[in-house]
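The structure appears below as structure tokens.
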Amino acid sequence: MGFGPRFLEFSMATVDLVEVSKIYADGVRAVDRISLAIKDREFVVLVGPSGCGKTTTLRMVAGLEEISEGSLAIDGRIVNHLPPKDRDIAMVFQNYALYPHMTVYKNMAFGLQLRRRELGLSKAQIHQRVMEAANILGLGDYLHRRPKALSGGQRQRVAVGRAIVRNPKAFLFDEPLSNLDAKLRLETRAEIKKLHLRLNTTTLYVTHDQEEAMTLGDRIVVMKDGLIQQCAPPLQVYEQPANRFVASFVGTPPMNFLRGQRIDGGYFATAGAQLLLPPRLLAACSGSSERELMLGIRPEALSLKNEGRFAGTDNALQARISVVEPLGDKVDIHFDLHEHPHLICRADAHDYQTLPPRSAATFYVNMQRVHLFSADAQGRNLVT
Ligand code: ADP
Ligand code: MG
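To convert, count from 1 in the sequence shown and add 1; that's the numbering used here.
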């Protein structure tokens with residue numbers, strides 16, 4: 002890698018969305034007053050279920066979709082009404098959008114060649130940029146092939162190459178890994194991370210895959226129904242989810258939820274179990290003892306061994322195992338607790354001895370790691 006790129010020089014840029022909304026012609030408010038300040042060189046990931054407004058947001062930043070309300074600034078300059086080509090932003094799509102009749106080289110060079118005079122580039126400069134991008138992306142041996150003679154991963158790299166030769170102020174990615182098989186997806190994900198470490202270009206990346214978001218983002222923005230639910234570094238989203246939606250969306254297998262109440266003695270009572278709440282959580286739900294609460298327990302915070310911090314049964318769930326999924330070093334144990342079906346414990350495989358189906362088992366909760374949410378539709382985290 003050495004000294005970094007020579008011919009590809011990246012201008013630094015911030016991207017600021019202030020109260021940005023998109024209302025489509027049919028009246029659908031697909032994006033609802035989103036504010037987001039992306040720092041120079043930052044890698045921000047928009048993540049959320051299908052239909053939550055990720056692509057719409059990205060297309061508004063790119064200039065492919067009109068902004069209905071709010072303002073968008075790139076590098077401190079409002080660009081709401083600037084056409085895409087004048088925004089200095091490069092977008093990579095899920096379906097690559099390569100020209101099938103052009104070679105890899107031509108696919109990367111074409112956009113620059115078209116606007117060569119306007120951009121003030123010599124033919125030699127374009128060639129240098131394309132060759133450097135091809136080198137960075139490992140495409141050197143494929144420059145004369147056409148897209149149909151490439152694998153999915155290689156095609157996606159050409160699409161990325163076409164974006165980086167433009168020396169854009171920012172990269173936008175819309176689900177760029179979705180068309181790749183599982184193994185290639187992991188490899189390409191790591192390549193995108195390496196590329197960002199090397200080029201340091203401000204990036205806004207869209208995915209519905211929470212694991213992709215967690216591994217790539219400096220910050221991740223969790224969206225639902227056109228609204229931002231939480232915007233924070235990945236570990237903070239995992240450890241301090243703003244609400245029940247974020248808590249259930251981030252992390253696999255998903256968080257378990259138990260509905261119940263706080264009762265005398267500092268316990269959380271739910272059908273089939275009483276768990277002693279640590280002071281941190283007790284403080285969060287002080288006051289009404291009648292109030293319905295939702296306790297959130299990640300599968301990793303459950304164990305078949307009592308780790309010792311709690312005596313007796315204050316952190317025990319007497320349950321019945323339904324399904325066991327071995328994962329190698331870990332094992333996912335699905336169990337039912339009284340009227341709560343489909344809870345999951347992710348245990349260390351060596352702590353688990355094969356039990357007959359439908360057998361009873363005791364699971365221990367690491368109460369230092371549980372979360373407490375309001376039981377209403379909002380599902381606010383009561384601690385953060
Ligand atoms: P995501 O990328 O998160 O899956 P989209 O941004 O594509 O979501 O879509 C957000 C919402 O806007 C969805 O309800 C979708 O049906 C709607 N939508 C997207 N494009 C259009 C359009 N051109 N006209 C009307 N509604 C649209
Ligand atoms: Mg989309």
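Just so you know, even glycine gets a beta-carbon here, dropped at the ideal spot from N, CA and C.
The structure displayed is predicted, hence computed values, not measured ones.
Q: Please look up how many angstroms separate the CB atoms of residue 225 and residue 49, rounded, as I've assumed it's under 8 Å.
A: The C-beta separation of residue 225 from residue 49 comes to about 6 Å, placing the pair in contact by the 8 Å criterion.
Q. Where do the ends of the beta strand (DSSP E) carrying residue 35 lie?
A. Start and end: 30-39.
Q: Keeping to the same chain, check which residues put their C-beta closer than 6 Å to that of residue 3; ignore five residues upstream and five downstream.
A: Bear in mind that a pLDDT of 43 at residue 3, under 50, signals an unreliable position, so the number given afterwards is only what the model happens to contain. Here residue 3 has no same chain residue with a Cβ atom under 6 Å from its own Cβ, once five neighbours each way along the sequence are excluded.
Q. Given a threshold of 16 other Cβ atoms within 10 Å of its Cβ, counted over all protein chains shown, does residue 52 qualify as buried or as exposed?
A. By the neighbour-count criterion, in which 16 or more other beta carbons inside 10 Å mark a residue as buried, residue 52 falls on the exposed side.
Q: Could you check what DSSP says for residue 132 in three-state terms: helix, strand or coil?
A: Residue 132: helix per DSSP, three-state reduction.
Q.
To the nearest angstrom, how far is the alpha carbon of residue 163 from that of residue 201?
A. Going by the C-alpha atoms only, they are around 17 Å apart.
**Q.** Alpha-carbon spacing of residue 326 relative to residue 76, whole angstroms
**A.** If I take the Cα positions, the gap works out to 49 Å.
Q) From residue 238 to residue 227, what distance separates their C-alpha atoms? A) Roughly 18 Å separates the two Cα atoms.
Q: Could you pull out every residue in the same chain whose Cβ sits closer than 7 Å to the Cβ of residue 383, ignoring the five residues on either side in sequence?
A: Closer than 7 Å at Cβ, skipping near neighbours: 285, 286, 373, 374, 375.
Q | Euclidean distance between Cα positions of residue 247 and residue 223 | A | Using only the alpha carbons, I get a separation of about 7 Å.
Q. If you measure from the CB of residue 55, is any heavy atom of the ligand ADP nearer than 7 Å?
A. For residue 55, the Cβ falls inside the 7 Å cut-off from some heavy atom of the ligand ADP.
Q | Where residue 43 falls, given that 16 or more other Cβ within 10 Å makes a residue buried | A | Within a 10 Å sphere around the beta-carbon of residue 43 sit 16 or more other beta-carbons, which makes this residue buried.
Q. Residue 156 lies in the alpha helix (DSSP H); which residues open and close that run?
A. Its alpha helix (DSSP H) spans residues 153-165.
Q. DSSP three-state call for residue 123: helix, strand or coil?
A. In this structure, residue 123 counts as coil in the three-state DSSP scheme.
**Q.** Straight-line gap, residue 304 to residue 214 (C-alpha atoms, nearest Å)
**A.** It is roughly 27 Å from the alpha-carbon of residue 304 to the alpha-carbon of residue 214.
Q. Between which two residues does the beta strand (DSSP E) harbouring residue 77 extend?
A. First-last for residue 77: undefined, no H or E at that position.
Q. Counting only runs that start and end within the stretch 288-335, where is the beta strand (DSSP E) found for 3 or more residues in a row?
A. Every unbroken stretch of the beta strand (DSSP E) spanning 3 or more residues and falling wholly within the stretch 288-335 is given here in chain order: 293-298, 317-327.
Q: Check whether the Cβ of residue 176 sits closer than 7 Å to any heavy atom of the ligand MG, and report yes or no.
A: Correct: residue 176 has its Cβ closer than 7 Å to the ligand MG.
Q: From the DSSP output, read off the bridge partner residues of residue 244.
A: Beta-bridge pairing links residue 244 to 381.
**Q.** Pairwise C-alpha distance: residue 295 and residue 65
**A.** Computed Cα separation, rounded: 42 Å.
Q) Secondary structure at residue 250, three-state DSSP: helix, strand or coil? A) Helix.
Q: Classify residue 29 as buried or exposed, calling it buried when 16 or more other Cβ atoms lie within 10 Å of its own Cβ.
A: Exposed, by the Cβ-count rule.
Q.
Let's see if you can read the secondary structure: which residues bound the beta strand (DSSP E) around residue 347?
A. For residue 347, the uninterrupted beta strand (DSSP E) segment begins and ends at 341-349.
Q | Opening and closing residue of the beta strand (DSSP E) in which residue 191 lies | A | Here residue 191 belongs to no beta strand (DSSP E); instead the alpha helix (DSSP H) covers 183-200.
(Q) When you compare the stretch 117-130 with the stretch 147-162, are there three or more beta-carbon pairs, one atom per stretch, that lie closer than 8 Å? (A) Under the 8 Å Cβ criterion, the stretch 117-130 does not count as touching the stretch 147-162, having fewer than three qualifying pairs.
Q) Shortest alpha-carbon distance to residue 377 belongs to which of 353, 368, 293? A) Considering only alpha carbons, the answer is 293.
Q.
Is any non-hydrogen atom of the ligand ADP found closer than 7 Å to the C-beta of residue 25, if you look at the structure I gave you?
A. Yes, the beta carbon of residue 25 sits closer than 7 Å to at least one heavy atom of the ligand ADP.
Q | Cβ contact (3+ pairs, closer than 8 Å) linking the stretch 83-94 and the stretch 164-184 | A | They touch, by the three-pair rule.
Q) Is the beta carbon of residue 159 less than 8 Å from the beta carbon of residue 169? A) For residue 159 and residue 169, no; Cβs fall outside 8 Å.
**Q.** Where residue 268 falls: helix, strand or coil (DSSP)
**A.** In the structure shown, residue 268 sits in a strand (DSSP, three-state: E or B).
(Q) Does residue 374 come out as helix, strand or coil in the three-state DSSP assignment? (A) Strand, per DSSP.
Q. Of the choices 56, 55, 182, 81, whose alpha-carbon is the least far from that of residue 67?
A. Considering only 56, 55, 182, 81, the residue with the shortest C-alpha distance to residue 67 is 81.
Q | 8 Å Cβ cutoff met for residue 56 and residue 161 | A | Result no, Cβ atoms of residue 56 and residue 161 do not sit closer than 8 Å.
Q: To the nearest angstrom, report how far apart residue 369 and residue 307 are at their CA atoms.
A: Cα-Cα distance, rounded: 13 Å.
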